[in-house]
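Visitor:
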Amino acid sequence: MYEKSPFVHQPPPPPAPLTVSQLNHQARYLLENQFNHIQVAGEVSNLARPASGHLYFTLKDASAQIKVALFRSRVGKFIPSNGDRVVVTGQVSLYEPRGDYQMIAHAVQPAGDGDLQQAYLRLKAALEKEGLFAAERKKPLPKRIKTIGVVTSGSGAAIHDILTVLKRRFPGIAVILYPVAVQGVDAGKQISQAIETANAWPMTDVLIVGRGGGSIEDLWAFNEEVVARAIAASELPIVSAVGHEVDFTIADFVADLRAATPSAAAELLSPDQSELMQTLDHREQQLLGFIGKQLQTAKHQTNSLMARLRHPGDRIGEQKKLLNQLQTRLAQARKSQWDQYLVRLRYMEARLQQQHPVKTVRGLNDQVTRLQHGLSVAIQAQVQRKHYSFQSLVRALQAISPLSTLERGYAIAQDKQGKALTDSDSVAVGDQLQITLHRGTLTTEVIDITGSKTAD
10 MYEKSPFVHQ PPPPPAPLTV SQLNHQARYL LENQFNHIQV AGEVSNLARP ASGHLYFTLK
70 DASAQIKVAL FRSRVGKFIP SNGDRVVVTG QVSLYEPRGD YQMIAHAVQP AGDGDLQQAY
130 LRLKAALEKE GLFAAERKKP LPKRIKTIGV VTSGSGAAIH DILTVLKRRF PGIAVILYPV
190 AVQGVDAGKQ ISQAIETANA WPMTDVLIVG RGGGSIEDLW AFNEEVVARA IAASELPIVS
250 AVGHEVDFTI ADFVADLRAA TPSAAAELLS PDQSELMQTL DHREQQLLGF IGKQLQTAKH
310 QTNSLMARLR HPGDRIGEQK KLLNQLQTRL AQARKSQWDQ YLVRLRYMEA RLQQQHPVKT
370 VRGLNDQVTR LQHGLSVAIQ AQVQRKHYSF QSLVRALQAI SPLSTLERGY AIAQDKQGKA
430 LTDSDSVAVG DQLQITLHRG TLTTEVIDIT GSKTAD
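Per the working numbering, the sequence shown starts with residue 10, numbered consecutively.
1) Would you mind stating whether alanine 274 and isoleucine 185 have Cβ atoms separated by less than 9 Å?
2) Look at the alpha carbon of serine 283 and the alpha carbon of arginine 317, and state the distance between them as a whole number of angstroms.
3) Can you give the Cα-Cα distance for serine 279 and leucine 150, rounded to whole angstroms?
4) Count the other CB atoms within 10 Å of the CB of alanine 203; is the residue buried (16 or more) or exposed (fewer)?
5) Count the other CB atoms within 10 Å of the CB of valine 255; is the residue buried (16 or more) or exposed (fewer)?
6) The beta strand (DSSP E) that contains valine 96, what's its start and end?
7) Looking at the structure shown, is aspartate 109 part of a helix, part of a strand, or coil, going by DSSP?
8) Taking the straight line between their C-alpha atoms, what separation do you get for aspartate 348 and glutamine 364?
9) Please state whether DSSP places glutamate 454 in a helix, a strand or coil.
10) Expressed to the nearest angstrom, what Euclidean distance is found between the alpha-carbon atoms of leucine 79 and phenylalanine 66?
11) Considering only residues of the same chain and omitting the five flanking positions on each side of aspartate 122, which have a CB-CB separation below 8 Å?
12) Work out the CA separation of glutamine 426 and glycine 460 for me, nearest whole Å.
13) Report, in whole angstroms, the separation of the C-beta atoms of valine 160 and isoleucine 200, which I expect to be a contact under 8 Å.
14) Taking the alpha-carbon positions, what's the arginine 238 to phenylalanine 142 distance?
15) Could you please give the first and the last residue of the uninterrupted beta strand (DSSP E) stretch that includes leucine 373?
16) To which residues of the same chain is asparagine 33 closer than 7 Å at the C-beta, ignoring the five residues directly before and after it?
17) Quick one: residues in its chain with C-beta nearer than 7 Å to the C-beta of valine 235, no 5 flanking neighbours on either side, listed in chain order?
18) Let me know the secondary structure DSSP gives proline 22 once reduced to three states.
19) When you compare the CB positions of glutamate 41 and valine 101, do they come within less than 9 Å of one another, or not?
20) Starting from glutamine 282, follow the beta strand (DSSP E) in both directions and report where the run begins and ends.
21) Quick one: is alanine 390 near chain B, going by C-beta distance under 9 Å?
22) For the alpha helix (DSSP H) that contains phenylalanine 66, what are its first and last residues?
23) Isoleucine 456 to arginine 448, Cα distance in whole Å?
24) Which residues in the same chain as asparagine 208 place their Cβ atom closer than 6 Å to its Cβ, once the five residues preceding and following it in sequence are excluded?
25) DSSP on valine 184, reduced to helix/strand/coil?
26) Answer with buried or exposed for alanine 114, where buried requires no fewer than 16 other C-beta atoms within 10 angstroms of its C-beta.
27) Could you tell me which residues DSSP puts in a beta bridge with lysine 76?
28) Enumerate in chain order the residues of its own chain whose CB-to-CB distance from glutamine 48 is below 6 Å, with the five nearest sequence positions on each side excluded.
29) Excluding the five sequence neighbours on either side, which residues of its own chain have a C-beta within less than 7 Å of the C-beta of lysine 148, listed in chain order?
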């Protein structure tokens, strides 16, 4: 029988179900990456200002609402009130412990535009028309990142946040810092030159260009055209990470990917070693389970083979027993066949006795005797009948026999041909004639003829 090899590949078992924490974590990750920097306009309601300094309120319109959290580090000069019409810039997130859908605000502004906003919009429109924001020109991020280049201030919070996140998530990634001023008159020029330097000496897999939060004036370097064009010309993928309190910066639109903060950029570019460990543990469990099943299958097959594999003595004993059985059956078959032969022989002997030559000869002798007797009787009867017939014929012949006539003295004359003569005209003088008497025969010659046909 064919047995399946234990080394045949079998599909892995289905993955284990997600926990609620894992589901909320993945949902948060999807939301924050899909809606990582958006603007939402609406009316403020349910405003709360706890002692922590954070702001919590509901942003609503005529038919819907969303909860908003503005953390203390993001609170600027403008403090909204219930009923204010505002524009909230931030990202959509999910509060994992409760699974609440909310918006994390980076900046809150009253509805309306300032001079910087107008300049920002004009440059944005021009660059967008030129195609610098087009999705098809954006470069994908490397699948395996070994080194990250960071274009930011060497003394700011951004580099500290990036290093902290990488140390926690995946400390094996190297970081090369390109220190620049992130605000002021020369900030844009320094940022663009650092991007060009990183591309001229490509020692990194990807660049993070950004800084921490601030006012629109503080972040204006990332809205300058020179920075936008340097990002567009970069051969290295660039992640924009400006923790600003206003609208998207121009750098956000031109970059290949936008992160809400430097910390978020570090999270986007680094795998979570704890998740990797969990994945490895899960894969290890799957592999161990697979190996265990293979070993169990091999064990079953080995046991089956061991059960089938017996000591040669047992096999010889069974063969000997089988041989004895066959010998017994052969002896019985021979005896049965011999008995059949004896019965048949006796039958043939009986038939042979019935057809023995002596018995046959005796029977034939008896039959011959009976036939001889019958034949003798038949012959005697036939002879008697013939004798009676002969006597009758003799008597009839004697009645007409010329011998009787000859016995009375008559004779028979015959010519040379033995023809009896009845007329003297049939002979001539000198013919030899034979005269038959009662006893004896005479030969005579005609010397005279008396009588004639005329006389008759």
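From the three backbone atoms N, C-alpha and C, an ideal C-beta is built for every residue, glycine too.
Guide: Let me spell this out:
1) no
2) 50 Å
3) 11 Å
4) buried
5) Residue placement at valine 255 cannot be trusted, given a pLDDT of 49 that sits under 50; the coordinates are not used to answer.
6) 94-104
7) strand
8) 24 Å
9) strand
10) 9 Å
11) Model confidence at aspartate 122 stands at a pLDDT of 48, short of 50, so the residue's coordinates are unreliable; what they give is reported in the following sentence. The answer, listed in chain order, is Leu130.
12) 23 Å
13) 6 Å
14) 11 Å
15) First-last for leucine 373: 366-409, but that is the alpha helix (DSSP H), not the beta strand (DSSP E).
16) Leu103, Glu105 and Gly108
17) Gly197, Lys198 and Ser201
18) coil
19) yes
20) Counting along the chain, glutamine 282 falls outside any beta strand (DSSP E), though it belongs to the alpha helix (DSSP H) covering 282-317.
21) Among the protein chains of the structure shown there is no chain B, as only one such chain exists.
22) First-last for phenylalanine 66: 64-69, but that is the beta strand (DSSP E), not the alpha helix (DSSP H).
23) 24 Å
24) Ser243, Glu244 and Leu245
25) strand
26) buried
27) Thr67 and Gln111
28) Val96 and Thr98
29) Pro246 and Asp265
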